[in-house]
Amino acid sequence: MDEALIATVLASTLRVATPLLLCALAGLLSERAGVIDIGLEGKMLFAAFAAASAGAVGGSTLLALAAAGAVAVALSWVHGLACVSHRGDQVVSGVAINLIAAGLTVVLGIAWFGEGGQTPPVGPEVRLAALWPGAGAAFGPLLGEGLLGHNALVYLALALVPAVWWLLFRTRFGLRLRAVGEKARMVDAAGVSVRGLRYAALTLNGLLCALAGSYLVLAQNASFVPHMTAGRGFMALAAMIFGKWHPVGAFWACLLFGFLDAVAIRLQGVRLPGIGELPVPLIQALPYLLTVLLLAGFIGRSLAPAELGKPYVKER
Amino acid sequence: MNQGLPRWAGLWLLPLLNLAIALAAAGVVVAIVGQDPLQVLSVLLHGAFGSARGFSYTLYYATTFIFTGLAVAVAFHGGLFNIGGEGQATLGGLGTGLVALWGAAHLPAWLLLPLMACGGALFGMAWAALPGWLQAWRGSHVVITTIMFNFLASTLLVWLLVDHLKPAGSMAPESAPFGSAAQLPGMRQLLGWAGIDWPASPLNLSLLLALAAALGVYLLLWRHRAGYRIRAVGSSPAAATYAGIDPKRQVLWAMAISGALAGLVGMNEIAGVQHKLLLEFVSGAGFTGIAVALMGRNHPAGIVLASLLFGALYQGGAEVAFEVPGFSRDMVVVLQGFIVLFSGAMAYVAAPGLSRLLRPGAAHG
């Protein structure tokens, strides 16, 4: 392996891991507060559509981000209305959000832009450019292109890992948020609103999903394509579980999943001594396989928040 | 959970009200994208029921939804949420297809076709029983594992088709076409034997299999001890344990039966229509099954009716997309989402208001 190859693998690992990481942190905030979030995929998809539409029509990055944020937070609140306010089934509500997002983005896309559900391409002035364009020339391939050649959202996602950790484990809000996922009755008895905390967690969750969706159209693709999230939301869910509902764990899981994706394409047709040709689909399936094995207790133990999925009924 | 509603209102009025809300929400979306909801509805109904051909397509779509809807319902009665119908149906198609590819040269149709159904059911069963076993004995949640198994199923199918089953020299990720013994007779062919002229459509013998499966699920769940045990564990694992029922085994059974039902989708799509193994033949039917089961109140009769409705939506939606410019068939997916939201997640939101309306003055209880 030469330096250039390592640099490209590192760069594509980070590129793939970024939306996963944003989405996994979003899921983590909600699930730590006791609300299951199967709807990550749908929220990311709808946010991507909103960002692409607003970015292409309005021509402004801020507008694109704001539109994505508004849409994803609104979907999070629908989830909250169904599950937190009315104690509906959290998994069913998540499935509903995924279906609505998958259908509505295509319906609106065809009605508004008439290109089979695609949005017009987002202009280069709206898209996110590399933060330090000269880094590759100045620092060489590994440091300059692999590590420093990315756009702002990549570094924001990386910075959000310690930020979410600090929020959850070093602030009063974070303590309460975790408590509401472990034992909601205690939080209620202490006079803190269970409903308020869960809505706050869902709001932050929506904002992070919005960033993940925006990344797909502002940094990866040129425009929105129907079903473009292609299971990333579920992979983020897997990463969150694989990271044992902890921000640092989720970070490593996202990097691992990103790395597997980055090497899977390069290992196509490569023969290993003794094994023969590696089946690429096996590498692509590894994140799901590892998560199942972890959940089944075959590699370490993954413990979900104690009251995950349980609606809280306030005593009268 | 009926929140003070009279029994008839809880059984009929509330579900119908929720369905009406979902339809109204979809109507609003149709209006927002600049179309006339009533015109769309009339084209849709005409496309779904207006001709023998259209109705035939409606029934064809409904067949797949009966299988996936029943799959969700059986798991639900066992207290489990099986969102893995998609993967189990994929594996079912694989099982059906493998039996067909292997047996078409050796076996006669009357023996091969039942074997293909068994192959599909067994593969689907295995793909659901494994998450069931993991939940019961290893403590991993069935919702998460079935999601993961959906992705594993699709990568498995891609790998098998691309690396093993694709005929040499072919580019498309598809198996070789099945021999004629492995092709399930279509309805046109069947009725033709009886002297009735029926238009060509993908509708095939699987419809009868689906109706038989619905009857079988009814008999199992409400007329047989095995089904009673599943329902007992579904409503209260603790009470079931005191009654001498082992909840773990019931979880495994509920998931296995659920997966077998989803696996039969392969008979309709692979044996009945495509006559070869290919990718993406499930295309979301596993998730439609969730909406179907919720709408059908997890009862086989309700599921058959709900499948008919969704079949009509799919067929009618295709006609609308053809006739009304700018209308997308994905509107049906949106409606599915609204039905899952309003009839599922928010099913009881309207209950307090409704009970106040029905029994003025006696609403506090």
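Note that the protein sequences, when read in sequence, are chains F and V. Here our numbering is used: the first residue of the first sequence is 7, the next is one more, and so on. Here our numbering is used: the first residue of the second sequence is 26, the next is one more, and so on. Every residue, glycine too, gets a C-beta built ideally from N, C-alpha and C. All values reported here derive from a predicted model rather than from experimental measurement.
Can you list the alpha helix (DSSP H) stretches of 4 or more residues lying completely in the segment 30 to 66 of chain V, in chain order? You should have 39 to 57.
Does the distance from the C-beta atom of Ile103(F) to that of Gly45(F) stay below 8 Å? The residue given as residue 103(F) occupies position 97 in the first sequence. The residue given as residue 45(F) occupies position 39 in the first sequence. Annotated as proximal: Ile103(F) and Gly45(F), with beta-carbon spacing under 8 Å.
CB Ala70(F) to CB Pro126(F), shorter than 8 Å? In the first sequence, residue 70(F) corresponds to position 64, counting from 1. In the first sequence, residue 126(F) corresponds to position 120, counting from 1. By the CB criterion at 8 Å, Ala70(F) and Pro126(F) fall outside the cutoff.
How about Leu68(F) and Ala218(F): do their beta carbons lie closer than 8 Å? Within the first sequence, residue 68(F) is the residue found at index 62, counting from 1. Within the first sequence, residue 218(F) is the residue found at index 212, counting from 1. For Leu68(F) and Ala218(F), no; Cβs fall outside 8 Å.
Check whether the Cβ of Ile271(F) lies closer than 8 Å to any Cβ atom in chain V. Taking the first sequence and counting its residues from 1, the one referred to as residue 271(F) is at position 265. Contact with chain V is absent for Ile271(F), since none of that chain's Cβ atoms lies less than 8 Å from the residue's Cβ.
Going by Cα to Cα distance, which pick from Pro287(F), Ala76(F), Gly122(F) and His156(F) is closest to Leu208(F)? By one-based count along the first sequence, residue 208(F) stands at place 202. Of the candidates Pro287(F), Ala76(F), Gly122(F) and His156(F), the one whose C-alpha sits nearest the C-alpha of Leu208(F) is Ala76(F).
Taking Cβ to Cβ, would you say Ala207(V) is nearer than 8 Å to Ala146(V)? Residue numbering aside, residue 207(V) sits at position 182 when the second sequence is read from its first letter. Residue numbering aside, residue 146(V) sits at position 121 when the second sequence is read from its first letter. Contact flag unset, no.
Buried versus exposed call for Pro253(F) [16 or more other C-beta atoms within 10 Å across all chains shown]: Position 247 of the first sequence, counted from the first residue, corresponds to residue 253(F). Answer is buried; the Cβ neighbour count reaches 16.
Does Gln113(V) pass the burial test, meaning 16 or more other C-beta atoms within 10 Å, or should it be called exposed? Looking up residue 113(V) in the second sequence gives position 88. With 16 or more Cβ atoms within 10 Å of its Cβ, Gln113(V) is classed as buried.
Just the C-alpha distance for Pro25(F) and Gly303(F), rounded to the nearest angstrom, thanks. Taking the first residue of the first sequence as position 1, residue 25(F) is located at position 19. Taking the first residue of the first sequence as position 1, residue 303(F) is located at position 297. One C-alpha to the other measures close to 27 Å.
Taking Cβ-Cβ distances shorter than 9 Å, what residues in chain F pair up with Tyr373(V)? Numbered from 1 along the second sequence, position 348 holds the residue referred to as residue 373(V). Residues of chain F passing the Cβ test: His92, Arg93 and Gly94.
Using the Cα positions of Thr93(V) and Leu277(V), report the straight-line distance between them to the nearest angstrom. One-based indexing of the second sequence puts residue 93(V) at position 68. One-based indexing of the second sequence puts residue 277(V) at position 252. Their backbone Cα atoms lie some 18 Å apart in a straight line.
Can you tell me which of the three DSSP states Asn104(F) falls into? Residue 104(F) sits at position 98 when you count from the first residue of the first sequence. Assignment of Asn104(F) by DSSP, reduced to helix, strand and coil, places it in the helix class.
At which residue ranges does the segment 106 to 150 of chain V contain complete alpha helix (DSSP H) runs of 4 or more residues, listed in the order of the chain? Fully enclosed alpha helix (DSSP H) runs of 4 or longer: 110 to 128.
By how many angstroms is the C-alpha of Phe106(V) removed from the C-alpha of Ser231(V)? By 1-based counting over the second sequence, the position of residue 231(V) is 206. By 1-based counting over the second sequence, the position of residue 106(V) is 81. For the pair Ser231(V) and Phe106(V), the Cα-to-Cα distance works out to about 25 Å.
According to the Cβ coordinates, are Trp158(V) and Phe174(V) closer than 8 Å? Within the second sequence, the letter at position 133 stands for residue 158(V). Within the second sequence, the letter at position 149 stands for residue 174(V). No. Outside cutoff.
Proximal residues to Ala388(V) (C-beta, below 8 Å), its chain only, five neighbours per side dropped: Start at 1 with the first residue of the second sequence, and residue 388(V) comes out as number 363. Its pLDDT being 43, under 50, Ala388(V) is placed unreliably in this model, and the value from its coordinates should be taken loosely. Once the five neighbours on either side are set aside, the close Cβ partners of Ala388(V) are Gly29, Pro377, Ser380 and Arg381.
State the Cα-Cα distance for the pair Cys89(F) and Leu214(F), rounded to the nearest angstrom. Working through the first sequence from its first residue, we reach residue 89(F) at position 83. Working through the first sequence from its first residue, we reach residue 214(F) at position 208. Taking the straight line joining both Cα atoms gives about 20 Å.
By Cβ distance, which residues of its chain are closer than 8 Å to Thr83(V), with the 5 residues on each side in sequence left out? Taking the first residue of the second sequence as position 1, residue 83(V) is located at position 58. Spatial neighbours of Thr83(V) in its own chain (CB-CB distance under 8 Å, excluding positions within 5 residues in sequence) are listed in chain order as Ala73, Phe74, Leu333, Gly336, Ala337, Tyr339, Gln340 and Gly341.
Going by the DSSP bridge assignment, what does Leu34(F) pair with across the sheet? Taking the first residue of the first sequence as position 1, residue 34(F) is located at position 28. BP columns for Leu34(F) are empty, so no partner.
The alpha helix (DSSP H) that contains Glu344(V), what's its start and end? Within the second sequence, residue 344(V) is the residue found at index 319, counting from 1. Per DSSP, Glu344(V) belongs to the alpha helix (DSSP H) from Pro325 to Glu348.
Which residues does DSSP list as the beta-bridge partners of Arg277(F)? Along the first sequence, read from residue 1 onward, the residue named residue 277(F) stands at position 271. Beta-bridge pairing links Arg277(F) to Glu283(F).
Counting Cβ pairs, one atom from each stretch, are 3 or more of them under 8 Å apart for the segment 286 to 305 of chain F and the segment 280 to 288 of chain V? The segment 286 to 305 of chain F vs the segment 280 to 288 of chain V: no contact.
Can Ile328(V) and Leu95(V) be called in contact, C-beta distance under 8 Å? If you number the second sequence from 1, residue 328(V) lands on position 303. If you number the second sequence from 1, residue 95(V) lands on position 70. Their beta carbons are under 8 Å apart, which means Ile328(V) touches Leu95(V) by this criterion.
To test your reading of the DSSP string, which unbroken alpha helix (DSSP H) runs of 4 or more residues are found completely within the segment 159 to 210 of chain V? Correct list: 167 to 185.
Excluding five sequence neighbours on each side, which residues of the same chain lie with their C-beta closer than 6 Å to the C-beta of Ser59(F)? Here residue 59(F) corresponds to residue number 53 of the first sequence, with the count starting at 1. Same-chain partners within the cutoff: Thr125.
Under 7 Å Cβ-Cβ, which residues of chain F neighbour Ile148(V)? Along the second sequence, one-based indexing puts residue 148(V) at 123. Position check: residue 148(V) holds Phe in this sequence, whereas Ile was assumed. By Cβ distance, chain F contributes nothing, its closest Cβ being about 17 Å from Phe148(V), past 7 Å.
In whole angstroms, what separates the C-alpha of Asn27(V) from that of Arg248(V)? Here residue 27(V) refers to the residue found at position 2 when the second sequence is read from its first residue. Here residue 248(V) refers to the residue found at position 223 when the second sequence is read from its first residue. Reliability fails at Asn27(V), whose pLDDT of 49 lies under 50, so the model's placement of it is uncertain and no value is given.
Helix, strand or coil at Ala144(F) [DSSP, three-state]: On the first sequence, position 138 is the one that residue 144(F) refers to. In the three-state reduction of the DSSP assignment, Ala144(F) falls in the helix class, which pools H, G and I.
Let's test the definition: count the other Cβ atoms within 10 Å of the Cβ of Asp267(F) and tell me whether it reaches 16, buried, or not, exposed. Looking up residue 267(F) in the first sequence gives position 261. Flag for Asp267(F) reads buried.
Short CB-CB distance (under 8 Å) between Ala370(V) and chain F: Mapped onto the second sequence, residue 370(V) falls at position 345. Yes, its Cβ sits closer than 8 Å to a Cβ of chain F.
Inter-residue CB distance, Gly109(F) and Val358(V) (contact presumed, cutoff 8 Å): Position 103 of the first sequence, counted from the start, is the residue given in the question as residue 109(F). Position 333 of the second sequence, counted from the start, is the residue given in the question as residue 358(V). Confirmed, Cβ separation roughly 3 Å.
Less than 8 Å between the C-beta atoms of Val231(F) and Ala39(F), yes or no? For this step, residue 231(F) is matched to residue 225 along the first sequence. For this step, residue 39(F) is matched to residue 33 along the first sequence. Not closer than 8 Å, so no.
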